[in-house]
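Take 1 as the starting number for the sequence shown in UniProt numbering and just add one per residue.
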Amino acid sequence: MSEFIRIDNLKVHYPIRSGFFNRVTDQVKAVDDVSLVFEEGKTYGLVGESGSGKSTIGKAIIGLEKITSGNIYYQGEEVSKQARNRRSEYRRNVQMIFQDALSSFNPKRRISDILTEPMRNFANWTPEEERRRSIELLEIVGLTEDALNKYPHEFSGGQRQRIGVARAVAINPKLVIADEPVSALDLSVQAQVLNFMQRIQDEYNISYLFISHDLGVVKHMCDELAIMYRGRFTEYGTRHDIYEEPQHIYTRRLLSAIPQIDPNNREEHKLARLRVEKEYQQNAAKYYSEEGRVYDLKEISSTHKVALKDVASLTEGSVR
Ligand SMILES: Nc1ncnc2c1ncn2[C@@H]1O[C@H](COP(=O)(O)OP(=O)(O)OP(=O)(O)O)[C@@H](O)[C@H]1O
Ligand SMILES: [Mg+2]
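As structure tokens, then:
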């Protein structure tokens, strides 16, 4: 198996301080016991509503967020215990694409500077090599050499996201974390950016962690998906498991929220939503504890895990 990154029992809790003495009175459990394995060349979806902890997982993997407990392993080594040179190899191999390229790029710098930044940080290339690589990257995302001398504001939103993709893959990372990379774009432009991401994956065998609040957007991208609610995974499985055989009520609610473009199906879609809501009203205890906590994941097939009170409850009523 080509596993190269493993996240074990990750927790990221933020202290909440209050009162006169500013004591820690509570905690936000942004990520609360999540495990995930990355294999080479695969796309992983991380989907959940706002505040569920998606970005916190991404930031913890890339080292921007302090981990409360749990471990991240890179090629079998615990990242937090790695020596400096190995840690730098990890950082080189895990890159990020942000939702809004405009705010993640320095507006005063030309595209040539923006693209070569990771090369200067992590690769020992000559200026000529950096330039050649930059032109190659621009071509990969459908832009031309003359972009090098321009500034970020001279591009459209879609073009800027494509430059963000190019920068993230500049030094051939193994994993690219894409946090809502297309959610600020129009639908037609979204498809274009996703296409380029897929083309790059085919060429370089990169893995993606694709973060989104919308199961519709990531449907065609992902090999495997984690569905997240309140810091925990409610369901994990292949694209088929999640889209064709969803078991957790939360997954089914997210699926029923995908907009229907076909007017002939709207009525049916509405009925399906009502069915999901009804099942939720009747069977919430199967899926959430009394305190509203998501249960631990239980394996229901070799690829598919669901957070249920017990697996026996699965057979009782898995209507869709
Ligand atoms: N620095 C912080 N201090 C305290 N709480 C935080 C901090 N950062 C995030 N949180 C909280 O952690 C939870 C998870 O946040 P996170 O940004 O990971 O969610 P998300 O799933 O990415 O949401 P969105 O879809 O809106 O981007 C939220 O309740 C958020 O308010
Ligand atoms: Mg987020």
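The beta carbon of each residue, even a glycine, is placed where N, CA and C say it ideally should be.
These numbers were taken from a predicted model, which means no experiment stands behind them.
- Counting only the Cα atoms, T238 lies some 20 Å from E180.
- Secondary structure at D186: coil, using DSSP grouped into helix, strand and coil.
- Pairing Q190 with Q282, the inter-Cα distance amounts to about 38 Å.
- Nearest in C-alpha terms to I258, of all of K219, E277, I62, is K219.
- For Q75, DSSP assigns no beta-bridge partner whatsoever.
- Runs of the alpha helix (DSSP H) spanning 4 or more residues and lying entirely within the segment 50 to 109 occur at 54 to 62, 84 to 93, 101 to 104, in chain order.
- Straight across, the Cα-Cα distance linking L209 with G164 is about 15 Å.
- For ligand 2, the residues with a Cβ under 7 Å from any of its heavy atoms are, in chain order, K54, S55, D179, E180, I211.
- Per DSSP, reduced to three states, the secondary structure at Q27 is strand.
- Here R167 is buried, its C-beta having at least 16 other C-beta atoms within 10 Å.
- D202 and Q161 have their C-alpha atoms roughly 19 Å apart.
- Ranked by Cα distance from L148, the first of V169, T116, L102 is T116.
- Shown here, T234 sits in a strand according to DSSP, grouped into three states.
- Of all alpha-carbon atoms in A170, N93, S80, the one lying nearest the alpha-carbon of M119 is that of A170.
- Judged by the Cβ position, A60 fails to qualify as a neighbour of ligand 1 at the 7 Å threshold, every heavy atom of the ligand being at least this far.
- Using a C-beta cut-off of 8 Å, the segment 53 to 73 makes no contact with the segment 119 to 135, since fewer than three inter-stretch Cβ pairs fall below that distance.
- If you check the CB distance, V79 and R92 do not come in under 8 Å.
- Scanning its chain for C-beta atoms nearer than 6 Å, with the 5 sequence neighbours on each side dropped, one finds around E224 the residues Y44, T238, in chain order.
- For I163, the uninterrupted alpha helix (DSSP H) segment begins and ends at 157 to 168.
- Following the DSSP letters along the chain, one finds V47 in no alpha helix (DSSP H) but inside the beta strand (DSSP E) bounded by residues 43 to 47.
- By the neighbour-count criterion, in which 16 or more other beta carbons inside 10 Å mark a residue as buried, H153 falls on the exposed side.
- For H220, the secondary structure class from DSSP, reduced to helix, strand or coil, is coil.
- Taking the Cβ of S50 as the reference point, at least one heavy atom of ligand 1 falls within a distance shorter than 7 Å.
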